[in-house]
Amino acid sequence: MWLSVVAIGAGAAIGANLRWLLGMWLNALFPAIPPGTLAANLLGAWLIGMAIGLFAWLPQLAPEWRLFLITGMLGALTTFSTFSAEMFTNLQTGRWGMAFAGIAIHVVGSLCMTGLGMATLALIRNLMGAAR
Numbered sequence: 066m067w068l069s070v071v072a073i074g075a076g077a078a079i080g081a082n083l084r085w086l087l088g089m090w091l092n093a094l095f096p097a098i099p100p101g102t103l104a105a106n107l108l109g110a111w112l113i114g115m116a117i118g119l120f121a122w123l124p125q126l127a128p129e130w131r132l133f134l135i136t137g138m139l140g141a142l143t144t145f146s147t148f149s150a151e152m153f154t155n156l157q158t159g160r161w162g163m164a165f166a167g168i169a170i171h172v173v174g175s176l177c178m179t180g181l182g183m184a185t186l187a188l189i190r191n192l193m194g195a196a197r
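Take 66 as the starting number for the sequence shown in this note's numbering and just add one per residue.
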């Protein structure tokens with residue numbers, strides 16, 4: 066139990082700090098659809114796609130690795146609550162087009178990036194198999 070708690074906490078610390086850094090670096094560029102939040106969600110979606118493929122490929126990995134990576138790090142990196150608040154602010158201020166564009170970009174982009182992450186890991190697996 067305690068190892069699970071530590072794995073989640075350590076992963077969350079990394080993911081939250083990475084999300085904060087992305088926001089610091091990118092949000093000033095285009096505040097209407099803050100790119101730091103978008104980058105965190107798209108990067109997290111790609112990484113979770115890779116992680117899903119990795120854990121399916123290597124089921125012998127200890128469950129704490131899944132807790133560390135998916136629940137902790139990627140759970141803290143991706144940010145549905147911040148995305149929701151940013152889009153709601155656009156709606157409240159009458160920027161309907163920006164809100165709906167942001168919603169579409171986050172949702173469709175995240176789904177595409179998750180699939181791309183899974184495809185990336187499949188490609189890596191194939192290349193590793195070809196190298197053997």
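Think of the CB as a built atom: it goes at the ideal place given N, C-alpha and C, for glycine as much as any other residue.
Straight through space, the alpha carbons of residue 87 and residue 162 are spaced by roughly 24 Å. For residue 95, the closest alpha carbon among the candidates 122, 78 and 151 is that of 151.
In this structure, DSSP gives residue 95 a state outside helix and strand, which the three-state scheme calls coil.
About 22 Å separates the Cβ atoms of residue 112 and residue 68, ruling out a contact at the 8 Å cut-off.
Check the Cα spacing between residue 89 and each of 118, 74, 76 and 105: the tightest is with 105. Shown here for residue 77: same chain residues with a beta carbon closer than 6 Å to its own, the five before and five after excluded, namely 137 and 141 in chain order. Going by beta carbons, residue 176 and residue 164 fall outside the 7 Å limit.
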